[in-house]
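Chains as they are written, first to last, in my numbering: chain A, 48 to 424; chain B, 48 to 424.
By construction, the Cβ of each residue, glycine as well, lies at the ideal position given by its N, Cα and C atoms.
Here's what the structure looks like:
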């Protein structure tokens, strides 16, 4: 289901089979939190070269609910996307969105951020929801400690994460044949990925990786990073994990990151990324371009009648000037959210495509150096 | 510059020449207030059969300012639209948006709703701004009395409106040759339209129409309607005006209206419409369909997996269900604004296209009857 086709230093070009087609790694997943990319259609994601999107189990469970999505024929049909979907387990949102949460051995109790109702999420429930959604890549439920938790807390949390990973796998194996929602066109079944935790402690990262590999998953994520720690710590934790993951399984660095973060992590052997940055920053007029970050509110752009990024062929860059995009942003126009998001997603997807091309031509290091030379963050 | 090609009862099919191409009447103008349709691109407007859009002088004057738009090469280039643009004079927004306004013989002083600064708009200034924007159809500055003003006020207001119309025309004739912004591809110059006022008084409407025709304009608008009066009053005022307007000039009912309003007004000889209804209502989940209004928030649609309008071939209706559109709307997704607006604009533009077809085939009355039979408002 996963083949590394080529390496350039430690950067890997791979092919991942999913129930909704095969996709090339390294890839970036635009985020369709509640079953929609903020402001873009799925056709646009496809046209921009998007191969796979990420949806959030936590949000979809709260609204409209996995039963409704199942009744609609699954998430692919509901949101009009025939490519693969990765769903997270909801664990991270319980940690980041819910003000009240109680961690128990059996699962996690939390209050909905929408209506305050109490919800109990177990490892089995997290898998069941994702199966009902019809996900192609299902994530185990994990516990994500904050960046500043002490070692004792992280050790305890890690124990729970490993126990839950085992329970998720057991449940997944029992139910995978029933996962009728996921209409596989190619005989490939949904995948289950484990999530390495261990906080900012290299030896706990190693322990977590080894325990998960012992259980055995279709792929391995590195979770609990990009939670406020310095970039160097993120890279160090990645380095402390990757050597203990199997060569023949995809590696997914969750919630990462900036263009620099992605390049540094691909260099360390990571294959998969997701992040809210391109979509969220777009809504704040924070634009990613080949020359670095452009902040649209800046007065400099008031009468700048050049395109946002001269090296970009997206609809936004081909048809509008920075002066117009600034005007839309300042005026709070809905079209601003749309055009900005379109460009930022186009930028990220092109970066991934360029990365794959560079690995294929065994010049990843040169590509990275050249890219960062021009890029002012 | 305007030819009536065919009539069906009093409904007219016509051809209007503009500096940005010829367009068929009756038409509806989607509103690009600040130089953008809320959530849609101009390419989409064109694909949906949009022939002309309306932009607001008041908004563009305040932000980004007509000088910037002129520097950008005119509004067409700024907002990426090569079809005709009609701009209003700003008079209506001074009346509806500014809390403080002082009417003077020379013009109107008002406070910007954006930053509270004092702005003085004269008939000449209104024309100058529209010329700098590069408008294809320029509107005179008028004074729009509220629906409940007494006759004495309306008489006084009408006197001012006629005086201002004269001044607008004088200024327009002096400056039209300098209007370099409007790059005519076909030798056609920008048009100047007069605006009939007169409140809810039929004989003042007649007087206003006659005075304006005496001055002589390229087209005639009926203003000051759709300001809260009952539909029957709107139709009566239209009937009190149309007979005094020349047959060979286009007639524009400003700010109107619902699908019923449009049908009733075409029947009374109106050729041009604009209204915020399709775009604004879309943002409130109030959808226009061939079967009538659909309010997306209704629980009925929670698990309704049929298209919004089975008789619509827009992107929204072809790709999504009511259940999904409801989910997006309830969740406050940006994509909801976009997909809803796309459909409502598609609906209005198709209605106009169907109206033109019915007139051409001399079956307007039957078309109107059939449409309203199916339409539940």
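- Boundaries of the alpha helix (DSSP H) harbouring residue 405 (chain A): 381-407, taken from the DSSP string.
- A distance of 9 Å or more separates the beta carbons of residue 181 (chain B) and residue 170 (chain B).
- Of all residues in the region 352-369 of chain A, the ones placed with a Cβ closer than 9 Å to any Cβ belonging to chain B are 352, 362, 366, 367, 368, in chain order.
- Looking only at B:250, B:383, B:333, the smallest Cα-Cα distance to residue 284 (chain B) is reached by B:250.
- For residue 350 (chain B), at least one C-beta of chain A is nearer than 9 Å to its own C-beta.
- Taking a contact as a CB-CB distance under 8 Å, the pair residue 76 (chain B) and residue 51 (chain B) does not count as one, their CB atoms being some 19 Å apart.
- Using a CB distance cut-off of 9 Å, residue 105 (chain A) does not count as an interface residue toward chain B.
- Excluding sequence positions up to five before and after residue 385 (chain A), its CB lies within less than 8 Å of the CB of 86, 87, all in the same chain and listed in chain order.
- With distances taken between CA atoms, residue 98 (chain A) lies nearest to A:65 out of A:107, A:65, A:83.
- Closest in alpha carbon position to residue 216 (chain B), among B:235, B:242, B:397, is B:242.
- Membership of residue 412 (chain B) in the alpha helix (DSSP H) is indicated by the continuous run 411-421.
- Residue 334 (chain B): member of the beta strand (DSSP E) spanning 333-336, first to last residue.
- Apart from sequence neighbours up to five positions away, the residues of its chain that approach residue 83 (chain A) with a beta-carbon distance below 8 Å are 126, ordered along the chain.
- Proximity of the region 55-64 of chain B to the region 305-316 of chain B meets the contact definition, three or more beta-carbon pairs being nearer than 8 Å.
- Taking every protein chain shown into account, the CB of residue 403 (chain A) has 16 or more other CB atoms within 10 angstroms, so this residue is buried.
- If you keep only unbroken beta strand (DSSP E) runs of at least 3 residues inside the region 197-250 of chain B, you get 238-243.
- The contact set of residue 81 (chain B) on chain A, defined by CB atoms closer than 7 Å, consists of 378, 380 in chain order.
- Given a length threshold of 3 residues, each whole run of the beta strand (DSSP E) inside the region 273-358 of chain A is given here in chain order: 298-300, 319-321, 333-336, 339-342.
- Taking all protein chains shown into account, residue 167 (chain B) has fewer than 16 neighbouring C-beta atoms within 10 Å of its C-beta and is therefore exposed.
- For residue 52 (chain A), the enclosing beta strand (DSSP E) stretches over residues 49-55.
- Below the 7 Å Cβ cutoff, chain B contributes 374 as neighbours of residue 111 (chain A), in chain order.
- For the C-beta of residue 391 (chain B), not a single chain A residue is nearer than 8 Å; the gap to the nearest is close to 14 Å.
- Residue state for residue 68 (chain A) is assigned as strand, using DSSP reduced to three classes.
- Under the DSSP assignment, residue 104 (chain B) falls in the alpha helix (DSSP H) whose first and last residues are 104-109.
- Residue contact check for residue 144 (chain B) against chain A: no CB pair falls below 9 Å.
- Of the candidates A:147, A:159, A:192, A:103, the residue whose Cα lies closest to the Cα of residue 174 (chain A) is A:103.
- Residue state for residue 173 (chain B) is assigned as helix, using DSSP reduced to three classes.
- In terms of Cβ geometry, residue 147 (chain B) and residue 212 (chain B) do not form a close pair [threshold 9 Å].
- DSSP, reduced to helix, strand and coil, places residue 158 (chain A) within a strand of the structure shown.
- At the C-beta level, residue 245 (chain B) and residue 271 (chain B) come within 9 Å of one another.
- In this structure residue 119 (chain A) touches residue 368 (chain B) by the C-beta definition: roughly 7 Å separates them, less than 8 Å.
- Between residue 90 (chain B) and chain A, the shortest Cβ-Cβ separation is below 9 Å.
- Of the candidates B:287, B:141, B:172, B:205, B:141 places its Cα closest to the Cα of residue 160 (chain B).
- In the structure shown, residue 58 (chain A) adopts extended strand secondary structure according to DSSP, grouped into three states.
- Classified as exposed, residue 294 (chain B) has fewer than 16 neighbouring CB atoms from the shown chains inside 10 Å of its CB.
- Straight across, the Cα-Cα distance linking residue 347 (chain A) with residue 376 (chain A) is about 14 Å.
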